[in-house]
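Numbering (our numbering), first residue to last: 98 to 424. Cβ atoms here follow ideal geometry from the backbone N, Cα and C, with glycine treated the same way. Taking it in order: structure first as structure tokens, then the write-up.
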């Protein structure tokens, strides 16, 4: 009998987030021959995205579209998702390891009385076993967990680690089903409005390149050269906790153990010493470039390339050279 693997899609700004397609690929890797992939879209006005999601190779798309779901509310979204999971009886439920995924996944696991594996960076098969790899000890080591037992499993996958399933733009044979949303009789919280900061920046979690600043930027104005470099590279701007605590930038940019975890193709650390708490949020980046005046800074121990120098001299030079090269 075939099993069902559910992918919980995420949207932002009316578009599917890349981590959704990574979750589709993760579901393929976790499933066996003949298994079915079912994606779930939850929100308001998300029905138009169903065909794009179907084009990623899933077998079914379940759309829970309601004006009451315009703003993310864990109670409302959880109720909508759990009602569908009760019907589908999935073998695996896969979320992105994002703010929403980290919020919904434990609740879904509790509802299903399922096990959970979080922050997965790779999935592979070894014979009949499915192995899930995840970082431990602030990214200094990895562990593999083997699925045991026959109950359902909830998984969150770290963005930018599993290659995304290709969306060919064609719905193929996937069945798209509009699901009714039955609001819980009483919600403890009601989201009336959401105020969004329009920074124009690339999303940190999905950025291919991140330019990050630490206490070495010295002030809020010190981030301007970094922002200019990020603009040339179409990169996201990040920061260490030290820079955020000093008031140089918003905490939304914080990368590290108590901030965001990023795994870009290129991470450029400017004026960051390399405390273990920061390394926990970026050490899995494919290429790390460090710029620091202190040749003994710990960041150089994890860097693939290092530049010993003043970031206010080095970063403008890099910006100019990249601008010429990319023109």
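Spell out the partners DSSP gives residue i in its beta bridges.
i, result
"residue 228", "221 and 243"
"residue 405", "389"
"residue 364", "307 and 385"
"residue 351", "336"
"residue 359", "DSSP, once it has assigned bridges, lists no residue as partnering residue 359."
"residue 214", "252"
"residue 276", "161"
Grab me the residues of residue i's own chain with a C-beta within less than 8 angstroms of its C-beta, minus the 5 sequence neighbours each way, in chain order.
i, result
"residue 281", "172, 173 and 176"
"residue 291", "168"
"residue 321", "none"
"residue 144", "138, 160, 162 and 275"
I'd like the list of long-range same chain contacts for residue i, defined as Cβ closer than 6 angstroms, with 5 residues on each side in sequence excluded.
i, result
"residue 229", "214, 217, 220 and 242"
"residue 275", "160"
"residue 365", "308 and 386"
"residue 133", "99, 101 and 156"
"residue 371", "394, 395 and 396"
Checking 7 angstroms against the spacing of the C-beta atoms, do residue i and residue j come in under that value?
i, j, result
"residue 198", "residue 253", "yes"
"residue 353", "residue 374", "yes"
"residue 135", "residue 101", "yes"
"residue 332", "residue 301", "no"
"residue 203", "residue 116", "no"
"residue 263", "residue 158", "no"
"residue 414", "residue 367", "no"
"residue 361", "residue 382", "yes"
"residue 408", "residue 313", "yes"
"residue 369", "residue 311", "yes"
"residue 55", "residue 227", "Only positions 98 to 424 of the chain appear in this structure, which leaves residue 55 out of reach."
"residue 278", "residue 163", "yes"
"residue 399", "residue 378", "no"
"residue 141", "residue 181", "no"
Going by beta carbon distance, what residues of the same chain come within less than 7 angstroms of residue i, once the five residues before and after it are set aside?
i, result
"residue 403", "387 and 397"
"residue 420", "329"
"residue 131", "99"
"residue 232", "216, 218, 239 and 381"
"residue 411", "388 and 404"
"residue 424", "none"
Measuring from the CB of residue i, is there a heavy atom of the ligand FMN at a distance below 6 angstroms?
i, result
"residue 128", "For the structure depicted, the ligand FMN is absent and the ligand set is empty, with no information on it obtainable."
Discussion item. What ranges does the beta strand (DSSP E) occupy inside the region 110-147, keeping only unbroken runs of at least 3 residues that lie completely in it?
Written reply: 133-140
Touch check for the region 230-249 and the region 180-195: three-plus C-beta pairs under 8 angstroms? yes
Segment contact, 8 angstroms Cβ cut-off, at least three pairs: the region 282-293 with the region 156-173:
yes
TODO: Identify every run of the beta strand (DSSP E) within the region 150-207, keeping only runs that are complete inside it and at least 3 residues long; order them along the chain.
DONE: 157-162 and 189-193
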